[in-house]
Amino acid sequence: MGEDIARAMAHHPPERAAEEIATHIRKFWDPRMRASIVGRMERGESMDELLRAGVALYRQGEIDRGEVAEPSGG
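Next up, the structure:
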């Protein structure tokens, strides 16, 4: 599903696409889906670069809002 969203946002400049992807994840994905995609990113699994940027932006927003702990090891 994330790859589909990244393809749909590919017409935007990369920064805007990442913001749109992060917003979509935050608004529409259930917590299990969010945890799964963040886990894939943190494990370095293969994913579209726009999706990776959007997930990273989503994750940073969660950290900034104090909703999750910062990832360990960094």
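Residue numbers (the numbering used here): 394 to 467. Cβ atoms here follow ideal geometry from the backbone N, Cα and C, with glycine treated the same way. Remember, predicted model here, so these are calculated numbers, not experimental data.
- Among residues of its own chain, excluding the 5 on either side of residue 410, which ones have a beta-carbon nearer than 6 Å to its beta-carbon? Counted from its first residue, the sequence shown places residue 410 at position 17. Around residue 410: 402, 443.
Given this structure, state the Cα-to-Cα distance separating residue 437 from residue 447, to the nearest angstrom.
Here residue 437 is taken as the residue at index 44 of the sequence shown, counted from 1. Here residue 447 is taken as the residue at index 54 of the sequence shown, counted from 1. Whole-angstrom Cα-Cα distance: 14 Å.
Requested in this report: Check whether the Cβ atoms of residue 434 and residue 425 sit closer than 8 Å, and answer yes or no.
Outcome: For the purposes of this step, residue 434 is taken as residue 41 along the sequence shown, with counting starting at 1. For the purposes of this step, residue 425 is taken as residue 32 along the sequence shown, with counting starting at 1. Against a cut-off of 8 Å, the Cβ pair of residue 425 and residue 434 comes out as no contact.
Quick check: the Cα distance between residue 459 and residue 432, rounded to an integer number of angstroms?
Mapped onto the sequence shown, residue 459 falls at position 66. Mapped onto the sequence shown, residue 432 falls at position 39. Rounded to the nearest angstrom, the two C-alpha atoms are 18 Å apart.
Notebook entry, point to check: Short check: CB of residue 454 to CB of residue 400, under 8 Å?
Noted result: The sequence position of residue 454 within the sequence shown is 61, counting from 1. The sequence position of residue 400 within the sequence shown is 7, counting from 1. Taking 8 Å as the Cβ cut-off, residue 454 and residue 400 do not qualify as a contacting pair.
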